[in-house]
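>
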Amino acid sequence: MKYAFCSSRLAFFAVLFCLGSWQLGWAEDGYDLWLRYRPMASPEIQKQYRRQIGTVFVAGESPTLRIIRKELVHGLGGLLGQDIPFLESLSAAKASTLIVGTLEDLPLPKELGLETRLRQLGDEGFLIQTAEVRVHPCIIITANTERGLLYGSFHFLRLLQTQQNISHLALTSTPKIRDRILNHWDTLSGGVGRGYAGKSLWQWHELPATVSPRLTDYARANASLGINGTVLNSPNSEARILTPEYLRKVAALADIFRPYGLRVFLSVRFSAPREIGGLETADPFDERVVAWWEAKVREIYQWIPDFGGFLVKANSEGQPGPQDYGRTHADGANMLARALAPHRGRVMWRAFVYGQGLDADRAKRAYEAFAPLDGQFASNVLVQVKNGPLDFQPREPAHPLFGAMPNTPLLLELQITQEYLGHSQYLVFLAPMWKETLDFDTFAHGPGSTVAKVVEGRLDNHALSGIAGVANVGSDRNWCGHHFAQANWYAFGRLAWNPGLGAQALAEEWTRQTFSHEPDVVRTIVTLMMDSWEGVVNTMTPLGLNVLCSFRGHYDPAPQARASFHKADAAGLGYDRSRAGSGAVDQYHPPQNERLNNLATCPEKYLLWFHHVAWNQPLQSGRTLWVELCRHYQAGAEQARRQRQIWRRLQGRIDDQRFHEVEARLEIQERDAAAWRDACLNYFQKFSKRPIPAPAAASDE
Ligand code: GCV
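Going by numbering that gives the first Met the number 0, 613 is the number at position 614 of the sequence shown; the sequence numbering is gapless.
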């Protein structure tokens, strides 16, 4: 009796404690990413969805179909707050059955006309359709392949997670880009180059015997976005990755990733035949070298039958390459491409080269090295080009190679990890930056020849197309270090599927899935995200400035060490890339080159990238360059201060753990933004010799 009393009292206090902690705030560690599947906040919407999804039928049996089933159990159960029964056969379908399957596995009535529509969807697209099946209104998710079904199922769950109306669905979706790839800059010793979220996810020392369950979650997160490839290791590659010891480990990862539609690629070191092959040369014209690569590729495909291919950084930043033997980039790429072709593998050959011996202006070098090679690459080679001509700066104009190599598929390389954007310390939503690149008009075939069309392969009718994002994930519990850095992984995947999606819409759908549906919370977070990139550009490199950071770490301000990039002097500031200067403007097609060349028409956001501008030159606002520069740095610091204040309003309206963890980083960002302002303005003032206006007075002069 006493015991019973005690235990009921204990239970009472436990309930009180739980209620209390719910009221004071709950904890989430961010591990679940955008796949949290918490019960719908609105009981009406939940009730409606429960009416619309009464049962589920998934046709067929395979590892991918099992994943789909599991995801639907987890997703629907979580969102609708109750288990949804799964049917054993289609004949049991009743009103409101969610039906998932390829047409091969689903004997659906011909009148629905699904076959014709599926023909246009390729092997990754999907169709979601409300239809009558055996006189019952149902929702059908179908595709030509299981991969399509997987993407369709995730898409359907996203509709629920973002509270869309699912009453009359009739949608199809196909990826606009074929290879949608994460590039990991991971080393074999477990580090991550430019990684700010812990160690490498691949526990090389444990593989292949032990495969962390976390890797399944990694694959699942990618599949939810449609990311279909992963390069496991840094382009500063170690030859060891190609030894049997490591290929066995790579194969273990590929086995885990395969049912999620995620193919494995490797970065390879061009000198591997010398380092691990016992040859004294890696000359691509040497028959022994050719034979070595062919045999190595055959060996890889024995381990990994769906292996994607090679990523290569050659003759760049000290990496070996074909030029060591007097051969061209095309010679090197084609030798590897020939070895991969029988297995349908591809080569992604990076254009990130800026060695001496080329132009004095580093921003011109990749174009000069690669544009003349257009048309010389084998058909299974993509040339991988960074978004801008320098190196992932906070803002760069689009790389002029886009639009300059019509006969070569160009793969766009974006950087998700924030190497130059405050690491995982800063809240920066990168989708607006990527959209600026994708929407940049190359004018290669007249107006409307956007980078997006080049990358999709639409502009010049390429069968291959690709986009890569340098990954920001690591062993940190929340994957990306900063909770908001997850939004960049998310946005990369969604834009890779469809570069036409809008940044604001992506911010909103991510917020709803990741934080809350409460309108004011959504509005606040989306505004923070949408303003964040411009804020960091103001903080670090406004008006087209670039590379003002320290050599080590690329984090702190160090304008004093970067004179060759900003060219500050008594007369003014900026790198003259006009026709009177380095002439980089003419790497762009007309009329883009004219627009950039002319001080009056060059967009202010790229001004100091293309022009050396006098300190007293009036800008669009009527204020001088100097005052405008001060104003931008001051605005950057002010915005960092304000965004922390705005964030504080969310306390108690989102979970406590993530609230506090983001808060702590916003504090760092605020402190740093003030440091950037002071370091840069005090330094540039030595040249401008003008007073720094008080922020409020910045509109004078
Ligand atoms: C993989 C920049 C980075 C390097 C990176 C290189 C590249 O220079 O700082 O860490 O190396 O780009 O893209 O190859």
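Note that the Cβ used here is the ideal one computed from N, Cα and C, for glycine as well.
Decide if Ala-579 is buried, meaning its Cβ has at least 16 other Cβ atoms within 10 Å, or exposed.
It counts as exposed.
> Quick one: measure Cβ to Cβ for Ala-702 and Leu-413, integer angstroms, because I've assumed they're closer than 8 Å.
Any property of residue 702 remains undetermined from this structure, which presents the chain solely from 0 to 700.
> In whole angstroms, give me the CA-to-CA distance for Val-72 and Leu-97.
For Val-72 and Leu-97, the distance between alpha carbons rounds to 12 Å.
> Between Ile-691 and the rest of its own chain, which residues show a CB-CB distance below 7 Å, the 5 nearest in sequence each way excluded?
Cβ neighbours of Ile-691 beyond the five flanking positions: Cys-629, Leu-680, Gln-684.
> Whose C-alpha, out of Gly-582, Asn-545, Asp-555, Lys-175, is nearest the C-alpha of Lys-566?
Per the Cα distances, Asn-545.
> Can you tell me whether DSSP reads Cys-17 as helix, strand or coil?
Because Cys-17 carries a pLDDT of 42, less than 50, the predicted location of this residue cannot be relied on, and the following value inherits that uncertainty. Looking at Cys-17 - three-state DSSP - the assignment turns out to be helix.
> What residue from Val-267, Leu-158, Ala-94 has the CA that sits closest to Ile-44's CA?
Cα-wise, what sits closest to Ile-44 is Leu-158.
> Please state the DSSP three-state secondary structure of Phe-704.
Lying outside 0 to 700, the shown extent of the chain, residue 704 is not represented and no answer is given.
> So does the segment 245 to 261 actually touch the segment 293 to 305, counting three or more Cβ pairs closer than 8 Å?
A contact exists between the segment 245 to 261 and the segment 293 to 305.
> Kindly examine ligand 1 and report whether one of its heavy atoms sits closer than 7 Å to the Cβ of Phe-351.
Yes, the Cβ of Phe-351 comes within 7 Å of a heavy atom of ligand 1.
> Leaving out the 5 sequence neighbours to the left and right, which residues in its chain are closer than 6 Å to Thr-510 when beta-carbon positions are compared?
Same-chain partners within the cutoff: Val-521, Ile-524, Val-525.
> Locate the alpha helix (DSSP H) running through Arg-68, then write down its first and last residues.
That run of the alpha helix (DSSP H) goes 62 to 79.
> If the criterion is Cβ atoms closer than 8 Å, does the pair Gly-571 and His-631 meet it?
No; because the gap between Cβ atoms is not below 8 Å, this pair is not in contact.
> At the level of alpha carbons, what is the spacing between Asn-597 and His-588?
If you take the alpha carbons of Asn-597 and His-588, they lie about 14 Å apart.
> How would you write the range of the beta strand (DSSP E) that Val-99 sits in, first residue to last?
Looking at the DSSP string, the run of the beta strand (DSSP E) that includes Val-99 is 96 to 99.
> Over the uninterrupted beta strand (DSSP E) stretch that includes Ile-140, give me the two end residues.
Ile-140 -> beta strand (DSSP E) spans 135 to 141.
> Is the beta carbon of Ser-199 sitting closer than 8 Å to the one on Val-210?
No; because the gap between Cβ atoms is not below 8 Å, this pair is not in contact.
> Leaving out the 5 sequence neighbours to the left and right, which residues in its chain are closer than 6 Å to Ala-764 when beta-carbon positions are compared?
As displayed, the chain neither begins before 0 nor continues past 700, which places residue 764 out of reach and without an answer.
> Is it buried or exposed for Ala-502, if we count other Cβ within 10 angstroms and need 16 for buried?
The residue is buried, with at least 16 neighbouring Cβ atoms inside 10 Å.
> Below 8 Å on the Cβ atoms is my guess for Thr-370 versus Ala-403; work out the distance and round it to an integer in Å.
Checking the sequence, you will find Ala at residue 370 rather than Thr. Right, their Cβ atoms sit about 5 Å apart.
> Roughly how many angstroms separate the alpha carbons of Leu-705 and Phe-155, rounded to a whole number?
The structure shown does not extend to residue 705, since the chain is modelled only from 0 through 700, so no value can be given for it.
> Is Asp-555 close to ligand 1? I mean its beta-carbon at under 7 Å from any heavy atom of the ligand.
Flag unset: Cβ of Asp-555 not near ligand 1.
> Which residues in the same chain have their Cβ closer than 6 Å to the Cβ of Thr-436, if we skip the five residues on either side of it in sequence?
Only Asn-386, Ala-397, Val-450 meet the Cβ criterion.
> Under the criterion of a Cβ to heavy atom distance below 7 Å, does Asn-386 qualify as lining ligand 1?
No.
> Can you tell me whether Gln-22 is buried or exposed? The criterion is at least 16 other CB atoms within 10 Å of its CB, across all chains shown.
Model confidence at Gln-22 stands at a pLDDT of 42, short of 50, so the residue's coordinates are unreliable and nothing is read from them.
> I want to check one thing, is the minimum distance from the CB of Trp-348 to the heavy atoms of ligand 1 below 7 Å?
False, no ligand heavy atom lies under 7 Å from that Cβ.
> Could you please give me the residues that DSSP links to Gly-768 through a beta bridge?
Outside the modelled stretch of the chain, which goes from 0 to 700, sits residue 768, for which no answer is possible.
> Please say whether Asn-471 and Ala-741 have beta carbons closer to each other than 8 Å?
Because the chain here runs from 0 to 700, residue 741 falls outside it and cannot be looked at.
> Does the Cβ of Ala-486 have 16 or more other Cβ atoms within 10 Å, making it buried, or fewer, making it exposed?
Buried: at least 16 other Cβ atoms inside 10 Å.
> By DSSP, does Asp-104 sit in helix, in strand, or in coil?
Three-state result, Asp-104: coil.
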